[in-house]
Every structure is written in structure tokens, then in C-alpha cells.
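Participant:
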DNA sequence: TATTAAATTATAATCATTCTAATATAAAAA
DNA sequence: TTTTTATATTAGAATGATTATAATTTAATA
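Residue numbers (the numbering used here), protein chains in the order written: chain A, 3 to 138; chain B, 3 to 138.
Rendered as C-alpha cells:
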């Protein structure tokens, strides 16, 4: 499904800015910051403003189209919400998707058995932090 | 071991500010922000400055005495590094420790089996997010 | 007690994010 | 198609957490 359809499906008014932001989020893999998105889109959409990018991301988050990823250096990164996945955070700032159905199941089963009714699957996240060689 | 000994053991000059910050981190369970720590200590240590709290926390982090916890509302919370544990983040801002040796082992074994030499145990974190009833 | 390197402090600066109010626009109505 | 209207975008100001600066103070050693 393309960006335009996704917006319609969520009853989000389809402005060119929103379509472009969503397309970028769907197609890039860098887990961009608001600034990253702004810089990338300025080429093809020179009128876009940083405020709009922020506004759009807030709207997308309300609709569960994106997930905020909090980072050590106080900038928020955005993750397009596709199927269940985790993240690897590298000390140099890179963020990678990490998908592992077997791990999902292992953890789901463990929590269902040991903490039933307290948490559900989507509440639980696995975060992997890796130090790049050069960083201390 | 008390705060003073811990500082000495890490070769960190034992100032009254550092001792008090460390004691508070060791004894409170709220996972305070820098501001929280500053507000709490002002009573018994009126001369302390917010800058010092920040400086001290940076120093503690370098020495692995504390862990930064990144939150949704862009404030950093601090966690005293005791034995391996995870965190439950509530939507109202509360952060709770979550300790479960069986879960540690389950995850360790899984990663050692499936991703040997790529990640080690301390790289892996489990994050639990829970929405309080009142929050949307 | 004197020395000195390091820590603390008040304040200024930074920077990501949010707010504001004016303008523009998508989508529904006429 | 044109008009209408609620909503979105925009530029710029404001906010707020954190970091940097430079002067002063202090812990620990000699």
C-alpha cells in the first residue's frame, strides 16, 4: 500500500508534505530525526518547513504510523511502524532494525506465563546497544 | 558499601556534592532527572548548583556508576547501576526497576546460541512500556 | 600550612522541540 | 467549477533541558 492510501485509511488529510514525509519514512532505513527528514525533503519540496515536519510527525505518532526512538544524544529518531521489530543502537548514532520472530515468541510466552494480564506483547521491547570500535 | 567508598574505589575525588548525589541515587527509587536530584539536595546542601549535578552525573556515567534512561518527554533520568535489571516505563512518567534472573538467562542463552560473538549480555535490554489508565 | 590540580558555581550559550498567529490549501458543499 | 471552511503549513518566537565558560573554591597531597 502506498503512502497516499495509508493516509486516507487513517483519515489524515493528504497534503503533499505528509505524503512525502511518509514515503521517506517508509523507504529509508536510517531512522531519521525530524531534521534529517527536513533536510532530505528540501530538495524535492523546497517550501517545506521544519515546523511542518514536526507537526506531521506528531500527527503520525498519534495514528501509530511512526514510533519515536529516544537516543542518548537527546534527539528523537523516527521509525515507520511496520511489523513487530526491535532496534540495534550503535554508539555512532546508527540505528538498525532487528527482526526475529522466534525471539518475539520466546519473550511473549515467557511474559504470558510469568506475568499474565500485566503486560501484553506490544509493551515489551528488546533494545540492543553496541559500541562502535572507535567510540570509547 | 557506602557512597564515599564507592567514589574512592573509582578514584573520583570525594566532594560533598558527589557523595550526596551518589547517596541519593543509591537510596531513591524514582530514577530522578538532574532537576529532581537538584531539588532534593537543595534542602540539606543549599549551596549546590544544578550545573554541578549535571557535571557529577556525566562523571558518574563515565565511571559506569549510573545509566542514562531516555524518556519520551525529552528528559534524561538516571539509574544507579546495581546488578542487571530492566525498566518499566509508565506513561505518567514513573519508572520502575524490573529484575528477573530467569529472563536474563533465557535471553542470554538465546543470543549466545543465535548471535554468538555479535552481542554480549550487557548489550541487551528489555524495555517494558505501560500506559496508565488515565493517559490516552 | 601551602600548593595545585580538579571541582563547583553562576551565568551564558546551545539546540532540539513546541508554540503562536498569520497564511494557504484540501476536501466537501453549493 | 467555484465557494466555503475547517484544517494544515509556515516563519519565527518561545521554551526548556542540557552543555559550555570562566571565575572561584576546595580536596588531597606535599
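Virtual Cβ for every residue (Gly too), placed ideally from N, Cα, C.
How far does the beta strand (DSSP E) with residue 120(A) in it extend, from its first residue to its last?
Facilitator: Where residue 120(A) is concerned, there is no enclosing beta strand (DSSP E), given that its DSSP letter is neither H nor E.
Participant: So if DSSP puts residue 35(A) in a beta bridge, which residue, or which two residues, is it bridged to?
Facilitator: 79(A)
Participant: Checking 8 Å against the spacing of the C-beta atoms, do residue 109(A) and residue 126(A) come in under that value?
Facilitator: yes
Participant: Residues of chain B with a CB under 8 Å from the CB of residue 70(A): which are they?
Facilitator: 74
Participant: Considering only residues of the same chain and omitting the five flanking positions on each side of residue 134(A), which have a CB-CB separation below 6 Å?
Facilitator: 92, 93 and 94
Participant: Could you check how far apart the C-beta atoms of residue 101(B) and residue 87(B) are, in whole angstroms? I think they sit under 8 Å.
Facilitator: 4 Å
Participant: Assuming contact is defined by CB atoms lying nearer than 8 Å, are residue 50(B) and residue 24(B) in contact in what I supplied?
Facilitator: no
Participant: With a 10 Å radius around its C-beta and 16 neighbouring C-beta atoms as the bar for buried, classify residue 67(A) as buried or exposed.
Facilitator: In the assembly as shown, residue 67(A) is a buried residue. Its beta-carbon has 16 or more other beta-carbons within 10 Å.
Participant: Could you tell me the alpha carbon to alpha carbon distance between residue 118(A) and residue 15(B), rounded to whole angstroms?
Facilitator: 47 Å
Participant: Beta-carbon separation of residue 132(A) and residue 97(A) under 8 Å?
Facilitator: no
Participant: Enumerate in chain order the residues of its own chain whose CB-to-CB distance from residue 63(B) is below 7 Å, with the five nearest sequence positions on each side excluded.
Facilitator: 70
Participant: To the nearest angstrom, how far is it from the Cα of residue 75(A) to the Cα of residue 27(A)?
Facilitator: One C-alpha to the other measures close to 21 Å.
Participant: Where do the N-terminal and C-terminal ends of the alpha helix (DSSP H) with residue 27(A) fall, by residue?
Facilitator: 18 to 29
Participant: In whole angstroms, what is the alpha-carbon distance linking residue 22(B) and residue 6(A)?
Facilitator: 56 Å
Participant: What does residue 52(A) touch in chain B if you count any residue whose Cβ is under 9 Å from its own?
Facilitator: The contacting residues do not exist; residue 52(A) stays about 17 Å from chain B at best.
Participant: Among the candidates 10(A), 31(A), 113(A) and 39(A), whose CA atom is the shortest distance from the CA of residue 52(A)?
Facilitator: 39(A)
Participant: May I ask whether a heavy atom of the ligand GTP can be found less than 7 Å away from the beta carbon of residue 27(B)?
Facilitator: Of the ligands one can find in the structure shown there are none, so the ligand GTP has no counterpart to examine.
Participant: I'd like to know if residue 67(B) contacts chain A, where contact means its C-beta is closer than 8 Å to some C-beta of that chain.
Facilitator: Residue 67(B) does not count as touching chain A.
Participant: Taking the alpha-carbon positions, what's the residue 20(B) to residue 85(B) distance?
Facilitator: 21 Å
Participant: Which class does residue 63(B) belong to by DSSP, given the choice of helix, strand or coil?
Facilitator: helix
Participant: Which residue marks the beginning of the beta strand (DSSP E) containing residue 69(A), and which one marks its end?
Facilitator: That run of the beta strand (DSSP E) goes 68 to 72.
Participant: Using three-state DSSP, classify residue 87(A) as helix, strand or coil.
Facilitator: Here residue 87(A) sits in coil by DSSP.
Participant: Considering only C-alpha positions, which residue in the set 37(B), 72(B) and 32(B) is nearest to residue 99(B)?
Facilitator: The residue with the shortest Cα to Cα distance from residue 99(B) is 32(B).
Participant: Between the Cα of residue 79(A) and the Cα atoms of 123(A), 128(A) and 37(A), which residue gives the shortest distance?
Facilitator: 37(A)
Participant: Report yes if the C-beta distance between residue 72(A) and residue 83(B) is below 8 Å; otherwise report no.
Facilitator: With contacts defined by Cβ atoms closer than 8 Å, residue 72(A) and residue 83(B) do not form a contacting pair.
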